[in-house]
Amino acid sequence: MRPSCSFSSNEAQLFQSLNGIRHLAETRRFKAWFLDQFGVLHDGKQPYPGAISTLKTLSKHGAKMVIISNSSRRAATTIEKMNSLGFDSSLFLGVITSGELTHQYLQRRDDSWFAALGRSCIHMTWSDRGAISLEGLGLHVVENAEDADFILAHGTEALGHPSGTALPMKLEDLEKILESCALKKIPMVVANPDFVTVEAKALRVMPGTLAAKYEKLGGEVKWMGKPDKIIYKSAMLMAGVDASDCIAVGDSLHHDIKGANMAGIESAFITGGIHATELGLSSFGEVAESSSVQDLTSKYDAYPSYMLPSFTW
Ligand SMILES: [Mg+2]
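Numbering of the sequence shown is given in the numbering used here, commencing with residue 1 and proceeding in unit increments.
Structure representation (structure tokens):
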């Protein structure tokens with residue numbers, strides 16, 4: 001089927017509707033493909049139908065592929081996860097996660113903002129999903145806002161303890177800690193700017209929710225992943241390309257599509273991920289109504305170049 005176009009009164013809202021990425025890959029117009037993982041390649045538990053073979057075919061068309069992910073874990077964890085789900089991670093030029101960027105910036109401190117950051121932090125982390133190691137960062141985890149220089153948000157399930165363990169904590173209690181941090185006016189580094197993620201069809205609260213709450217309380221937040229330019233710059237550097245040579249593929253309008261818009265990169269919106277329910281989609285591969293997508297893109301002020309039901313060929 002030929003790709004169709006959807007037009008609206010605002011030229012910025014023009015996007016092309018595709019069945020799969022074949023048309024885009026065969027033109028070889030994009031040298032680098034920046035791929036989101038959750039909601040595009042897999043759902044956290046299993047690969048989406050066709051995703052594994054689509055990556056192989058895309059690679060054969062000469063695309064340099066970089067996974068850019070708002071995971072709070074380091075790049076190596078994503079590579080292991082991709083392999084365990086049956087993906088061939090050697091097809092990727094590399095993986096950049098918000099957790100990896102956070103780790104590197106906190107370790108190097110060669111950026112003026114990070115250089116000025118103290119060493120004592122309140123650490124919000126995971127418990128059931130596995131706590132995040134701060135090894136090698138020279139940080140001191142503290143329990144009270146009075147003793148902290150900044151907040152480091154990796155997760156939404158637990159509070160890091162000075163001993164290195166993590167104390168499981170409800171989201172509401174973590175939010176109470178944010179209130180005292182806001183009074184002290186300490187900044188937050190958020191190592192996963194997602195608000196929610198798709199996990200085996202259920203939506204889970206992510207650290208971006210804590211960061212948004214902290215901004216509401218008047219706190220300063222350093223967003224270490226999508227939609228901030230920081231992750232796109234890093235991906236372009238890795239692939240050795242300019243913005244005009246790239247396309248970003250993702251399922252979150254706020255993170256993937258708005259991020260691409262702000263970085264000046266074309267983008268492909270996968271409708272079957274995080275926004276599936278809002279778009280009235282219930283089965284894999286179901287095509288969203290163009291008008292529903294247009295309404296949603298206006299709502300999020302994020303405008304994809306293309307829309308596809310899923311990451312398939
Ligand atoms: Mg996603």
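Cβ atoms here follow ideal geometry from the backbone N, Cα and C, with glycine treated the same way.
- Inclusion of L167 and T156 in the CB contact set at 9 Å is not warranted, their separation being larger than that value.
- The beta carbons of G225 and S98 sit about 3 Å from each other, so the pair counts as a contact at 8 Å.
- Using a Cβ distance threshold of 9 Å, V190 and A148 do not count as a contacting pair.
- For V40, the shortest C-beta to heavy atom distance toward ligand 1 is below 8 Å.
- Counting only runs of 4 or more residues that sit fully inside the region 208-250, the alpha helix (DSSP H) segments are 229-239, in chain order.
- At the C-beta level, T271 and D251 come within 9 Å of one another.
- 9 Å or more divides the Cβ of L14 from the Cβ of A268.
- Beta-bridge annotation (DSSP): C181 is not paired with any residue.
- In the DSSP assignment, V293 falls outside any beta strand (DSSP E) and within the unbroken alpha helix (DSSP H) covering S290 to Y300.
- The count of Cβ pairs closer than 8 Å, one atom from the region 234-242 and one from the region 59-76, reaches three, so the stretches are in contact.
- The continuous stretches of beta strand (DSSP E) do not include M206, and DSSP gives it neither H nor E.
- A distance of 9 Å or more separates the beta carbons of S310 and A25.
- If you compare the alpha carbons of H23, F34 and R22 with that of H255, the shortest gap goes to F34.
- Set against 8 Å, the gap from the CB of G250 to the closest heavy atom of ligand 1 is smaller.
- Within the same chain, and ignoring the five residues on either side of F150 in sequence, the residues whose Cβ sits closer than 7 Å to its Cβ are L117, G118, C121, I186, P187, M188 and V189.
- Membership of A115 in any beta strand (DSSP E) is not indicated; the residue belongs instead to the alpha helix (DSSP H) covering S112 to A115.
- Between the alpha carbons of G273 and L41 lies a gap of roughly 10 Å.
- Taking every protein chain shown into account, the CB of S72 has 16 or more other CB atoms within 10 angstroms, so this residue is buried.
- Exposed is the label assigned to L203, since fewer than 16 other Cβ atoms lie within 10 Å of its Cβ.
- For G273, the CB falls within less than 8 Å of some heavy atom of ligand 1.
- In this structure, T197 has its CB closer than 8 Å to one or more heavy atoms of ligand 1.
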